[in-house]
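Trainee: Sharing a structure with you now.
Protein chains: 2
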Amino acid sequence: MRIGELAERAGTTTRTLRYYESLGLLPARRTGNGYRSYDEDDLRLLQQIRVLQDFGFELEETRPFVECLRSGHPAGDSCPASLEVYRRKLAELDECIGRLSAIRERVGTQLAQAELARAQLEAAATAPEGAPEPRCELTPPRP
Amino acid sequence: MRIGELAERAGTTTRTLRYYESLGLLPARRTGNGYRSYDEDDLRLLQQIRVLQDFGFELEETRPFVECLRSGHPAGDSCPASLEVYRRKLAELDECIGRLSAIRERVGTQLAQAELARAQLEAAATAPEGAPEPRCELTPPRP
DNA sequence: TCTGGCCTTGACGTCAGGGTCAAGGTCTAC
DNA sequence: GTAGACCTTGACCCTGACGTCAAGGCCAGA
Chain P
1 MRIGELAERA
11 GTTTRTLRYY
21 ESLGLLPARR
31 TGNGYRSYDE
41 DDLRLLQQIR
51 VLQDFGFELE
61 ETRPFVECLR
71 SGHPAGDSCP
81 ASLEVYRRKL
91 AELDECIGRL
101 SAIRERVGTQ
111 LAQAELARAQ
121 LEAAATAPEG
131 APEPRCELTP
141 PRP
Chain H
1 MRIGELAERA
11 GTTTRTLRYY
21 ESLGLLPARR
31 TGNGYRSYDE
41 DDLRLLQQIR
51 VLQDFGFELE
61 ETRPFVECLR
71 SGHPAGDSCP
81 ASLEVYRRKL
91 AELDECIGRL
101 SAIRERVGTQ
111 LAQAELARAQ
121 LEAAATAPEG
131 APEPRCELTP
141 PRP
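Right, here's the structure in full:
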């Protein structure tokens, strides 16, 4: 199969496949006229890459899985190197989730405080004599 | 104060300050010789930017806070536009955390299954006659 | 033969947030 | 008067994962 068909079947683009080849991740055989030629195994490699990409793996991190499949293993994660990547990724994910959660807390707190402060300001401004609401003087968008 | 001093006091670099100025985020006055000139208010603006950056805000997202401070408000988050950014960021964070958590689950499951499969493979390979461990034939790193 | 669709390589653009030089102007201290 | 520290602009470089041309080759159908 040629590059266009593989791209379509894998739900990606020809540009992406050429990019993967430039990284040595998914090399292609060539037909007589120079066209890239792929088979069903290549489709499986590509699907492995895309699944891991969906997990947020970087392309370089998918390499052990691809090599594993290419060396004849039934699954990309049958090899120790792949398991190692899984473990590293789990640790990364945990750290990332932890960091984001901490930030979420802080932003939430900031928002609550700022909302409270605004409510108090408005109350103070409305109470005396129906004074005009304290407005935020943002610079108007330039045309 | 000049750009070098402001950069040092804010714990950033002169390049960064010039970059912010190029975005219109932190414009500078100029002295007679063309040097940028900053005051304590600029330092506060800059600190506001850095705090939000630490929260993972993009520079464009810090703009409402900076404008708010510049328009004379005591805090960068006193203005509705800033609160809106807070809320949007909270939603983004929640979505991101949710997505990462889901992926974490799936990767964890994959790892567990793959480890189990490997253990079974090794057991099967060791049992018969102490056969050589099934090795993953990764291509050796090229020099 | 022509048209249209696929393919090729190569090169440049994108996004954020700057890093790093280069070439030169300015200011202060000695 | 000169060294050295500071400043200026402009320009190119980096990361990741491609998108988007440009210019041309190959092939099938009418």
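First to last, the sequence lines map onto chains P and H.
If you read the first sequence in the working numbering, its first letter stands for residue 1, the second for the next number, and so on.
If you read the second sequence in the working numbering, its first letter stands for residue 1, the second for the next number, and so on.
Don't be surprised by glycine CBs; every beta carbon is placed ideally from N, CA and C.
Since this is a predicted model, take the numbers as computed values, not measurements.
Between R36(P) and chain H, is the shortest Cβ-Cβ distance under 8 Å, so that the two count as touching?
Mentor: On the first sequence, position 36 is the one that residue 36(P) refers to. Answer no: the Cβ-Cβ gap between R36(P) and chain H never drops below 8 Å.
Trainee: Please list, in chain order, the chain P residues whose beta carbon lies closer than 8 Å to that of V153(H).
Mentor: There is simply no residue 153(H) to check, as chain H begins at 1 and stops at 143 in what is shown.
Trainee: Among L111(H), T16(H), G56(H), which one has its Cα closest to the Cα of L46(H)?
Mentor: Taking the second sequence and counting its residues from 1, the one referred to as residue 46(H) is at position 46. The residue with the shortest Cα to Cα distance from L46(H) is T16(H).
Trainee: With 8 Å as the threshold, decide whether the Cβ of R30(H) is near any Cβ in chain P.
Mentor: By one-based count along the second sequence, residue 30(H) stands at place 30. Closer than 8 Å: no.
Trainee: What residues from chain H crowd round I3(P), counting only those whose CB sits closer than 7 Å?
Mentor: Indexing the first sequence from 1 puts residue 3(P) at position 3. The contacting residues do not exist; I3(P) stays about 24 Å from chain H at best.
Trainee: Within the 8 Å Cβ cut-off, does R44(H) reach chain P?
Mentor: Working through the second sequence from its first residue, we reach residue 44(H) at position 44. Chain P contact via Cβ: absent.
Trainee: Could you name the residues of chain P that E115(H) contacts, counting a contact when the two beta carbons are closer than 7 Å?
Mentor: On the second sequence, residue 115(H) is found 115 positions in, with the first residue counted as 1. Ordered by position in chain P, the residues that pass the 7 Å Cβ test against E115(H) are L83.
Trainee: For G4(H), which residues in the same chain have their Cβ closer than 8 Å to its Cβ, ignoring the five residues on either side in sequence?
Mentor: Translated into positions along the second sequence, residue 4(H) becomes position 4. Hits under 8 Å: T14.
Trainee: List the residues of chain H that L157(P) touches, going by C-beta distances under 9 Å, in chain order.
Mentor: Since the displayed chain P opens at 1 and closes at 143, residue 157(P) lies outside it and no answer follows.
Trainee: Could you please give me the residues that DSSP links to S37(P) through a beta bridge?
Mentor: Working through the first sequence from its first residue, we reach residue 37(P) at position 37. Bridge partners of S37(P): R29(P).
Trainee: Around the C-beta of S22(H), are 16 or more other C-beta atoms found within 10 angstroms, so that it is buried, or is it exposed?
Mentor: As a first step, residue 22(H) must be located in the second sequence, where it is residue number 22. Result: exposed.
Trainee: I'd like the list of long-range same chain contacts for T62(H), defined as Cβ closer than 6 Å, with 5 residues on each side in sequence excluded.
Mentor: Position 62 of the second sequence, counting from 1, holds the residue named residue 62(H). Excluding sequence neighbours, T62(H) sits near I49, L52.
Trainee: Report the rounded CA-to-CA distance for A75(H) versus V66(H), giving the unit in angstroms.
Mentor: Counting from one through the second sequence, the residue named residue 75(H) turns up at place 75. Counting from one through the second sequence, the residue named residue 66(H) turns up at place 66. Spanning the two alpha carbons is a distance of roughly 9 Å.
Trainee: Can you tell me whether DSSP reads S82(H) as helix, strand or coil?
Mentor: What you label residue 82(H) is simply residue 82 of the second sequence in a count that begins at 1. Reduced to three states, the DSSP call for S82(H) is helix.
Trainee: Do you know offhand how far T109(H)'s Cα is from T109(P)'s?
Mentor: In the second sequence, the residue the question calls residue 109(H) occupies position 109. In the first sequence, the residue the question calls residue 109(P) occupies position 109. Each residue's alpha carbon lies about 34 Å from the other.
Trainee: Using the C-alpha atoms, what's the distance from L26(P) back to R9(P)?
Mentor: Along the first sequence, one-based indexing puts residue 9(P) at 9. Along the first sequence, one-based indexing puts residue 26(P) at 26. For R9(P) and L26(P), the distance between alpha carbons rounds to 15 Å.
Trainee: L83(H): buried (16+ other C-beta within 10 angstroms of its C-beta) or exposed?
Mentor: Sequence index remark: in the second sequence, residue 83(H) carries index 83 (1-based). With 16 or more other Cβ atoms within 10 Å, it is buried.
Trainee: With a 10 Å radius around its C-beta and 16 neighbouring C-beta atoms as the bar for buried, classify L69(H) as buried or exposed.
Mentor: For this step, residue 69(H) is matched to residue 69 along the second sequence. Classification for L69(H): buried.
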